[in-house]
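These protein sequence lines map, in sequence, to chains B and R. Sequential numbering from 2 applies to the first sequence in the working numbering. Sequential numbering from 2 applies to the second sequence in the working numbering. Taking it in order: structure first as structure tokens, then the write-up.
Protein chains: 2
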Amino acid sequence: MLTLYSFGPAANSLKPLLALYEKGLDFTPRFVDPTRFEHHEDWFKQLNPRGQVPALDHDGHIITESTVICEYLEDAFPDCAIKLRPADPIRIAEMRVWTKWVDEYFCWCVSTIGWERMIGPMARAYSDAEFEEKMARIPIPEQQAKWRAARAGFPKATLDEEMRKIGVSVAKLEARLAESEWLAGPDYTLADICNFAIANRMQHGFAELVNTAATPHLVAWIDRINARPAAQAMFAQSKSEMPAPRPAAAA
Amino acid sequence: MLTLYSFGPAANSLKPLLALYEKGLDFTPRFVDPTRFEHHEDWFKQLNPRGQVPALDHDGHIITESTVICEYLEDAFPDCAIKLRPADPIRIAEMRVWTKWVDEYFCWCVSTIGWERMIGPMARAYSDAEFEEKMARIPIPEQQAKWRAARAGFPKATLDEEMRKIGVSVAKLEARLAESEWLAGPDYTLADICNFAIANRMQHGFAELVNTAATPHLVAWIDRINARPAAQAMFAQSKSEMPAPRPAAAA
Chain B
2 MLTLYSFGPA ANSLKPLLAL YEKGLDFTPR FVDPTRFEHH EDWFKQLNPR
52 GQVPALDHDG HIITESTVIC EYLEDAFPDC AIKLRPADPI RIAEMRVWTK
102 WVDEYFCWCV STIGWERMIG PMARAYSDAE FEEKMARIPI PEQQAKWRAA
152 RAGFPKATLD EEMRKIGVSV AKLEARLAES EWLAGPDYTL ADICNFAIAN
202 RMQHGFAELV NTAATPHLVA WIDRINARPA AQAMFAQSKS EMPAPRPAAA
252 A
Chain R
2 MLTLYSFGPA ANSLKPLLAL YEKGLDFTPR FVDPTRFEHH EDWFKQLNPR
52 GQVPALDHDG HIITESTVIC EYLEDAFPDC AIKLRPADPI RIAEMRVWTK
102 WVDEYFCWCV STIGWERMIG PMARAYSDAE FEEKMARIPI PEQQAKWRAA
152 RAGFPKATLD EEMRKIGVSV AKLEARLAES EWLAGPDYTL ADICNFAIAN
202 RMQHGFAELV NTAATPHLVA WIDRINARPA AQAMFAQSKS EMPAPRPAAA
252 A
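Below you can see the structure in the form of structure tokens.
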């Protein structure tokens, strides 16, 4: 039995969620509510001591880290007809360079701006006492530091540097997608799913950078993934912390 | 035919180097000399546009990123008797959480202190003109920024924070190795190789943190890997930028 604990179809949580839909695997989605800090509650920290989503429970075994979970689904269900990892070792390596890049570079710059815009105001709405009570339950010191930085407002130099990195990231994706339908070559793979998890909706949140004039291939790729039956089903059926991407998904 | 471009048996270069020795695969080692900035020369940037080692040439296909290369060797040589990736998907996931952690956390804090100690003095020995000439050949802006920070000396707050993270890392490794012979469970895997790449010689460079009194299990694990025939052969036969770990390896 598979249970996926996640924040719903956005950011890192989207990765295994979309992979599960693509592969057509039966699973129980368990929405963890970030606005209630459910991922820092004791019951969840017993599953993942780091207090982070997503986490997959497979027959009582807990798998953590979004990209690791995605590869796990390939390893644990080798007979599943839908493969999200190429067969050719060279292509697998290309795929992993892309999934590694999103985890080490692309996701962080987008995340900081997202935190500045969304987590900052949320954190400032708490009294100092309420805020400290929530901080005390966060097991990762770096995560606590990020909350404090968001509450104070990230320094302008940090925001400028992260925006520069977002520009680099967008240019890199556009260049690759101008020459290849999918990131790791001719097939749709985890490289696409893991980068889509961060890039999706940038055409709204970062419209000055991601738009049909400046990045036609990136926008077409985002649209192409959103149009996939698995993505449509995921958005329609999943609870989400994020605004729904289109009216049909609000159900 | 396999050719590995590397800085020799230390840091990220050690990972695929040791994996190749462990698996007994025939390969040509190509030492890239960091003191001559060979990795920023045009011939190397034609192999890896990011100007980073290690890089593996397999019959003309270039694989980059140390951890990706290690997994590639498992994928590309499935008939090799020596497996460095477990068979059980749960164990593979555990292994990947460890290889991901070293790439995203452990290697960076150790790297900053190493740069402060070794790259800083080296960078300051150049005239401004010499230094700028070298900077102009570095393709990654973040890498240029790291060189400039090392030359200026990293801020004390940065060094303190990195030392804190090294302390967290050492404690994490010690705790895990107190309960398990190898990081990802009963078998020696890429989790061990990739963490050893960073941890090896910390008993010298960070003796106040890594020693038989404070971290007996970590030291025993480092010794256990150094004693493996593959590690001994690698150190004895490889050119290295680093001081040799023992007299026999200086040949």
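In this text, a Cβ means the ideal position worked out from N, Cα and C, and glycines have one as well.
Check D80/R in the structure and name its three-state DSSP category. If DSSP states are grouped into helix, strand and coil, D80/R belongs with coil.
Pull up the distance between the alpha-carbon of A231/B and that of R138/B, whole angstroms please. Each residue's CA atom was taken as its position, placing A231/B and R138/B some 35 Å apart.
Top-ranked residue by Cα proximity to Q145/B, from I167/B, D161/B, W116/B and A172/B: Of I167/B, D161/B, W116/B and A172/B, the residue nearest in Cα terms is W116/B.
Which residue comes first and which comes last in the alpha helix (DSSP H) that contains D193/R? Taken as a continuous stretch (DSSP letters only), the alpha helix (DSSP H) holding D193/R covers L191 to A200.
Can you say whether I141/R is buried or exposed, counting buried as having 16 or more other CB atoms within 10 angstroms of its CB? Classification of I141/R: exposed, given that the 10 Å Cβ count is below 16.
Please tell me whether T216/B and L174/B are closer than 9 Å, where the distance is taken between their beta carbons. If you check the CB distance, T216/B and L174/B come in under 9 Å.
Who are the Cβ neighbours of M2/B in its own chain at under 7 Å, not counting the five residues just before and after it? The answer, listed in chain order, is D60.
Proximal residues of chain R, C-beta to C-beta of R97/B below 9 Å: Think of a sphere of 9 Å around the beta carbon of R97/B: the chain R residues whose beta carbon falls inside it are E66, T68, V69, E72 and Y73, in chain order.
For L48/B, I'd like the list of residues in its chain whose CB is within less than 8 Å of its CB, leaving aside the five on either flank, ordered along the chain. The beta carbon of L48/B is closer than 8 Å to those of Y6, A56, D58 and I63 in its chain, skipping five residues each way along the sequence.
Simplified DSSP state of F32/B, which is helix, strand or coil: The three-state secondary structure of F32/B, taken from DSSP, is strand.
Starting from A82/R, find everything on chain B with Cβ-Cβ shorter than 7 Å and list it in chain order. A82/R does not reach chain B, its nearest Cβ partner there being about 18 Å away, counting only Cβ pairs nearer than 7 Å.
For H59/B, write down the residues that DSSP places opposite it in a beta bridge. In the DSSP assignment, H59/B is bridged to L3/B and H62/B.
Quick one: is W44/B buried, meaning 16 or more other Cβ sit within 10 Å of its Cβ, or exposed? Counting Cβ neighbours within 10 Å, W44/B comes out exposed, since fewer than 16 surround it.
Rounded distance between the beta-carbons of C195/B and K16/B, thought under 8 Å: Going by Cβ atoms, the distance from K16/B to C195/B rounds to 5 Å, so yes, they are a contact pair.
Which runs of the alpha helix (DSSP H) fall wholly inside the stretch 66-115 of chain B and span at least 4 residues, in chain order? If you keep only unbroken alpha helix (DSSP H) runs of at least 4 residues inside the stretch 66-115 of chain B, you get 67-77, 90-102 and 108-115.
For chain B, find out if any of its Cβ atoms is closer than 9 Å to the Cβ of D104/R; answer yes or no. With its beta carbon less than 9 Å from one in chain B, D104/R belongs to the interface.
Closer than 9 Å, CB to CB, is A77/R near chain B or not? Yes, A77/R lies at the interface with chain B (some Cβ there is under 9 Å from its Cβ).
Separation of A237/R from H40/B, as counted between CA atoms: Cα atoms of H40/B and A237/R: separation of roughly 49 Å, rounded to the nearest angstrom.
Between D188/R, G186/R, R225/R and L26/R, which has its C-alpha nearest A200/R's C-alpha? Out of D188/R, G186/R, R225/R and L26/R, R225/R has the C-alpha closest to the C-alpha of A200/R.
Would you mind stating whether K166/B and Y106/B have Cβ atoms separated by less than 9 Å? Yes.
Below 8 Å on C-beta distance, what does I93/B contact in chain R? Here the neighbours are E72, Y73 and D76.
Restricting to runs no shorter than 4 residues, where is the alpha helix (DSSP H) found entirely within the stretch 112-145 of chain R? Runs of the alpha helix (DSSP H) inside the stretch 112-145 of chain R: 121-125 and 129-136.
Look up G186/B in the DSSP assignment and give the residues it is bridged to. In DSSP, G186/B forms a bridge with W183/B.
Kindly indicate if chain R contains any beta-carbon less than 9 Å away from that of K101/B. Closer than 9 Å: yes.
heavy atom of the ligand NAD below 8 Å from F32/R C-beta: Summarising the ligand content, the structure contains no ligands, and the ligand NAD is consequently not present.
Whole angstroms are fine: how far does the CA of P10/B sit from the CA of E42/B? For E42/B and P10/B, the gap between their C-alpha atoms comes out near 21 Å.
Closer than 7 Å, Cβ to any Cβ of chain B: which residues of the stretch 30-64 of chain R, in chain order? Cβ contacts with chain B come from H62 and I64.
Cα separation between E72/B and T100/R? Taking the CA atoms as reference points, E72/B sits about 14 Å from T100/R.
Would you kindly report the start and end of the unbroken alpha helix (DSSP H) that includes Q53/B? Taken as a continuous stretch (DSSP letters only), Q53/B belongs to no alpha helix (DSSP H), as it is neither H nor E.
Roughly how many angstroms lie between the CA atoms of Q204/B and N212/B, to the nearest whole one? About 6 Å.
Determine, using beta carbons only, whether A249/B comes closer than 9 Å to chain R. Confidence in A249/B is poor, its pLDDT being 39 and thus under 50, which makes the residue's placement unreliable; the coordinate value appears in the next sentence. Under the Cβ criterion of 9 Å, A249/B is not counted among the residues facing chain R.
Measure the alpha-carbon distance for A228/R versus G206/B and round it to whole angstroms. Rounded to the nearest angstrom, the two C-alpha atoms are 54 Å apart.
Do T4/R and M96/R have their C-beta atoms closer together than 9 Å? T4/R places its beta carbon 9 Å or farther from that of M96/R.
Alpha carbon of N13/R to alpha carbon of A20/R, nearest angstrom: Between N13/R and A20/R, the alpha-carbon positions lie close to 12 Å from each other.
Buried or exposed for G52/B, going by 16 or more other Cβ atoms inside 10 Å? Result: buried.
Distance cutoff 9 Å, beta carbons only. Does V1/B sit that close to anything in chain R? As displayed, chain B neither begins before 2 nor continues past 252, which places residue 1/B out of reach and without an answer.
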